[in-house]
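Heads up, the thing below is written out as structure tokens.
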Amino acid sequence: MEDRKRPAIGAADELAPPTKRIAINGSKAKDDALDMKEENWVEAYSKGAIYRQMQEYSRKAATAESRLEELHKRCVHHDDHLRFIDIWWRQLLEEVESMTTRELPDTVNPTELPDEILAENTQRKASMEQERTSLAHIKDLVIAKDDHIAALESELARLKPSEDQEMASPADGDQELSSEELRQKYKKLQQDFQAINKELPSIEKAYKKMKDLAQKKDRDTWRNKALSNSSEEEEMLRTFALCTICRNNFKNAALKTCGHLFCNQCVDDRISNRMRKCPTCSRAFDKMDVMPVHH
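For the sequence shown, the residue numbers in this note's numbering are 7 to 301.
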């Protein structure tokens, strides 16, 4: 009866508290082992990450050291280069100073040196101008020759048919001409007249060109004579006729303010360079004060 009233009791471990049951069954030990494995894995992963990061830092440090060494070598090279440049520059300055402080020889008078240089420059300008004039003459002669050749060719073409016709005509000049022959002669005269009119411009052009060349050659001849003569009177006349600034061109422009004469090229150069004072008397002048002069 007593057994029937009491509940059925299982194993003794079921009556124990939960902590005791866990200790008896062994499930807590398994959880602890899993926790230990996870902690070991986390620790190993952290160590691996730290090791990899240390390797990366070591690689960066080695790269930085190599670049620092290369930069140091470059700095040393640049310093040496700058030092060499400084030494070369000092030597150059010393040479320039020695050249500037070098005295002129006793045989050369410092006051006569500019006159000699001016005379040499004037002679060179005169020779260059003469060469330029000769080239211009040659070009003009070639052009005139071509015009003259064209005129002669046209005249030859005009005279050749008339000559052939005269050779073919009968020798008896007193014989009366028919109307057809008169008409042919009239046409021939018209053709000759037209050919002469065509030749006339080229002949006039060649004549003008040759006339200009003759005048230009005459002027250049007198100019060369004036430049080449060395007597005192001719030198005085040459000095009086040539511009006192360039000593090359004739005086062909006068200043109304003071009346001094110069060449128009020198006057234009001084006006364009704003040097608007007379080189002789230093009086101011303007573009409107320049007057052309004809000899």
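Note that beta-carbon positions come from the ideal geometry of N, C-alpha and C, so glycine has one too.
Whether residue i touches residue j by CB criterion (8 Å)
{"i": "LYS262", "j": "ASP218", "result": "no"}
{"i": "ASN258", "j": "GLU135", "result": "no"}
{"i": "CYS264", "j": "PHE256", "result": "no"}
{"i": "THR128", "j": "ASP226", "result": "no"}
{"i": "LYS223", "j": "HIS143", "result": "yes"}
Backbone secondary structure at residue i - three-state DSSP
{"i": "VAL299", "result": "coil"}
{"i": "LYS283", "result": "strand"}
{"i": "PHE291", "result": "coil"}
Span separating the alpha-carbon of residue i from that of residue j
{"i": "PHE246", "j": "ASP198", "result": "56 Å"}
{"i": "SER72", "j": "ASP85", "result": "20 Å"}
{"i": "SER288", "j": "ARG282", "result": "9 Å"}
{"i": "HIS78", "j": "LEU98", "result": "30 Å"}
{"i": "PRO298", "j": "ALA260", "result": "6 Å"}
{"i": "ILE56", "j": "GLU62", "result": "10 Å"}
{"i": "ARG65", "j": "LEU74", "result": "14 Å"}
{"i": "ARG96", "j": "ARG80", "result": "24 Å"}
{"i": "GLU44", "j": "ARG58", "result": "21 Å"}
{"i": "LYS293", "j": "GLU103", "result": "45 Å"}
{"i": "THR106", "j": "GLU100", "result": "10 Å"}
{"i": "ALA67", "j": "GLU76", "result": "14 Å"}
{"i": "LEU206", "j": "LEU188", "result": "27 Å"}
{"i": "LYS145", "j": "ALA132", "result": "20 Å"}
{"i": "LYS204", "j": "GLN196", "result": "12 Å"}
{"i": "HIS87", "j": "THR69", "result": "27 Å"}
{"i": "ALA220", "j": "HIS300", "result": "20 Å"}
{"i": "GLN200", "j": "GLU186", "result": "21 Å"}
{"i": "CYS252", "j": "ARG276", "result": "12 Å"}
{"i": "SER278", "j": "ILE91", "result": "43 Å"}
{"i": "GLU137", "j": "GLU241", "result": "22 Å"}
{"i": "ARG244", "j": "LEU147", "result": "29 Å"}
{"i": "SER52", "j": "ASP41", "result": "16 Å"}
{"i": "TRP47", "j": "MET60", "result": "20 Å"}
{"i": "GLU210", "j": "LYS191", "result": "28 Å"}
Cβ separation of residue i and residue j, assumed to be a contact under 8 Å, to the nearest whole Å
{"i": "CYS284", "j": "HIS266", "result": "6 Å"}
{"i": "ILE149", "j": "LYS215", "result": "6 Å"}
Exposed unless 16 or more other CB atoms sit within 10 angstroms - verdict on residue i
{"i": "ALA125", "result": "exposed"}
{"i": "SER184", "result": "exposed"}
{"i": "VAL82", "result": "exposed"}
{"i": "ALA273", "result": "Per the sequence shown, the amino acid found at residue 273 is Val instead of Ala. Under this definition VAL273 is a buried residue."}
{"i": "ARG89", "result": "exposed"}
{"i": "ALA212", "result": "buried"}
{"i": "ALA290", "result": "exposed"}
{"i": "SER208", "result": "buried"}
{"i": "ARG130", "result": "exposed"}
{"i": "ARG229", "result": "buried"}
Heavy atom of the ligand PLP within 7 Å of residue i beta-carbon
{"i": "ASP275", "result": "Ligands displayed in this structure: none; no statement on the ligand PLP is therefore possible."}
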